[in-house]
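J.:
In the numbering used here, the protein residues as written are 75 to 146.
#1: Quick one: what's got a C-beta closer than 6 angstroms to residue 131's C-beta in the same chain, skipping five residues either side?
#2: State the Cα-Cα distance for the pair residue 135 and residue 115, rounded to the nearest angstrom.
#3: Leaving out the 5 sequence neighbours to the left and right, which residues in its chain are closer than 7 angstroms to residue 139 when beta-carbon positions are compared?
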């Protein structure tokens with residue numbers, strides 16, 4: 075005997091879009107965080123140093139080479 079399959083009775087519902095006002099504060103926060111991290115990896119040594127000593131440089135040394143910043 076042949077069996078028939080009934081079509082689904084519900085239609086798929088698309089998720090509601092997120093409003094820009096909900097995303098904007100997080101985008102600004104993470105943007106500033108990334109700029110601070112980029113500063114510490116790329117420029118935290120020498121004349122522009124905010125933190126004295128070589129501690130920050132040693133912590134981000136491998137990241138400097140990975141991202142192509144000159145270091146030595």
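Heads up, the beta-carbon is just placed ideally off N, CA and C, and yes, glycines get one too.
These numbers were taken from a predicted model, which means no experiment stands behind them.
T.: Working from what's here:
#1: 119
#2: 8 angstroms
#3: 145
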